[in-house]
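When you line the sequence shown up against our numbering, it's residues 1176 to 1548, in that order. Where a beta carbon is used, it is the ideal one built from N, C-alpha and C, also for glycine. Please read the structure below before turning to the comments.
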Amino acid sequence: LVPRSDTLTFTRDGTPWVDQSWAFDVLLAVVVDHWGWSAAIALASLGLAWIYRALARSLIRDGISPVIAVVVAVLAVCIGAIHFLIRPHLFTFMFVYLAMRACQAQHRAGGWAVLRVAFYTAVLANLHGGFVALPLIVATAGLGHAISGTWDAVRRRNVARFALAFLACCLAALANPYGFGLYRHVGRLLLSSGVTSLIIEYQPPHFGTAEADVLEWALLALIALPVVSMTRVDRYQLCHVLVWLHLALTSIRNAPLFALVAAPALATLIDGLPLALRAAWKRPARPAFFPAAATAGLLLLVMTGVTLGGFDLKKWPFGALGALNHEPAAARLFHEQDWGGLIAAECRPVRRTYLDDRFELFGKEAILEYVDV
């Protein structure tokens, strides 16, 4: 039911391959086959809207002024926008937010709320390789809780529950078709393959460019605000900020996750400023009608066949597919790397490609050889 070896290229035919996002691929195929790319665009948009709306609402529930909560949520949106693509990492956004909330509930009230993260990990391990972020969040939360107060029996017991949840997360990730092979795949990709140095999203942020501007503002705010704010970031929040700040500065693909994790700390500092604006907006007594109406309207547009977006014909060679389809299906192609997935998906009859964007399958040497050619 899931791929075990490559069947899409003639250069790596039969080579063992782990599809770390197999369940997302199935879901996306069902959506696109039945309702088209407009439905995929609509669902991705609604999912992102839910994540950042939930972030703002959670900040308000934690006592942050509504207007400050919205400001911080918008900043998180601007930082995360570099990865607003119909790709499986959108599920990582969602589960990182949910994991942070579960850990915060455990930190504040004890109990077993943190064990929810093990379930989240089991689901995400079948959707995206970003599942490794969830055990890391639990471990960071456990450290933050340990240093947040007196080392008494209650705190020791709660730290033990964080440790137990961390182990549960590590084991829960094995609930995937590849078992421990998924860990080997992700570890090899990140640590030993060398291909991450060839992928833009694995590079550090390029400060001074548009995609890193808001991230830079957030970092400057976290440095400057403690000097003037009447509130302080507690040790628990600080642990999360430092860990994810390091990861965001190491790889730009972690910046959206940093924005979600650092939002409570940033909101705490901004909310402590002596600004009259903080009280300018009160939380409404009744739920707003607009989110439900906007959701229904967007889905109605999709159902009536309205096109919300599609392939950029200036980038993708759709005009060449007709001619290519008349060539022998067994013909060996040499083509632009980005076109590999398009050819595999859209050519009829189906034909194998030279390579695509699965760099971990081809290896660094093969990719560099292709670039040299």
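DSSP on residue 1493, reduced to helix/strand/coil?
-> Residue state, collapsed to three classes: helix.
Cβ pair residue 1278, residue 1334 closer than 8 Å = Residue 1334 is positioned such that its CB atom lies no closer than 8 Å to that of residue 1278.
Alpha carbon of residue 1542 to alpha carbon of residue 1190, nearest angstrom = Whole-angstrom Cα-Cα distance: 16 Å.
Any idea what DSSP makes of residue 1382, helix, strand or coil?
-> The three-state secondary structure of residue 1382, taken from DSSP, is strand.
Hey, would you say residue 1399 sits closer than 8 Å to residue 1244, going by beta carbons?
-> No Cβ-Cβ contact shorter than 8 Å links residue 1399 with residue 1244.
Own chain partners of residue 1192 with C-beta closer than 8 Å, once the 5 adjacent residues on each side are dropped = Cβ neighbours of residue 1192 within its own chain (closer than 8 Å, five residues either side excluded): 1178, 1179, 1180, 1181, 1533 and 1536.
Nearest candidate by alpha-carbon position, reference residue 1476, set 1350, 1490, 1415 and 1214 = If we check each option's Cα against that of residue 1476, 1214 comes out closest.
Put residue 1323 into one of helix, strand or coil per three-state DSSP.
-> Residue state, collapsed to three classes: coil.
Residue 1523: buried (16+ other C-beta within 10 angstroms of its C-beta) or exposed?
-> Counting C-beta atoms within 10 angstroms of its own C-beta, residue 1523 has fewer than 16 neighbours from the protein chains shown and is therefore classed as exposed.
Spatial distance of residue 1370 from residue 1472 (CA atoms) = The straight-line gap from Cα to Cα measures roughly 43 Å.
Cβ pair residue 1223, residue 1259 closer than 8 Å | Taking C-beta atoms as the reference points, residue 1223 and residue 1259 count as a pair closer than 8 Å.
Measuring alpha carbon to alpha carbon, tell me which of 1348, 1216, 1386 and 1301 ends up nearest residue 1176.
-> Taking only the C-alpha atoms, the option nearest residue 1176 is 1301.
Take the Cβ of residue 1293 as the centre, count every other Cβ of all protein chains shown within 10 Å, and call the residue buried at 16 or more, exposed below.
-> Residue 1293 comes out buried.
Span of the alpha helix (DSSP H) around residue 1206 = Here the alpha helix (DSSP H) through residue 1206 covers 1197–1210.
When you compare each of 1328, 1404 and 1311 to residue 1270 by their alpha carbons, which one comes out closest?
-> 1311 is the residue among 1328, 1404 and 1311 whose C-alpha sits nearest the C-alpha of residue 1270.
Residue range of the alpha helix (DSSP H) that residue 1360 falls in?
-> Residues 1356–1362.
With which residues is residue 1528 paired in a DSSP beta bridge?
-> The bridge partners DSSP lists for residue 1528 are 1184.
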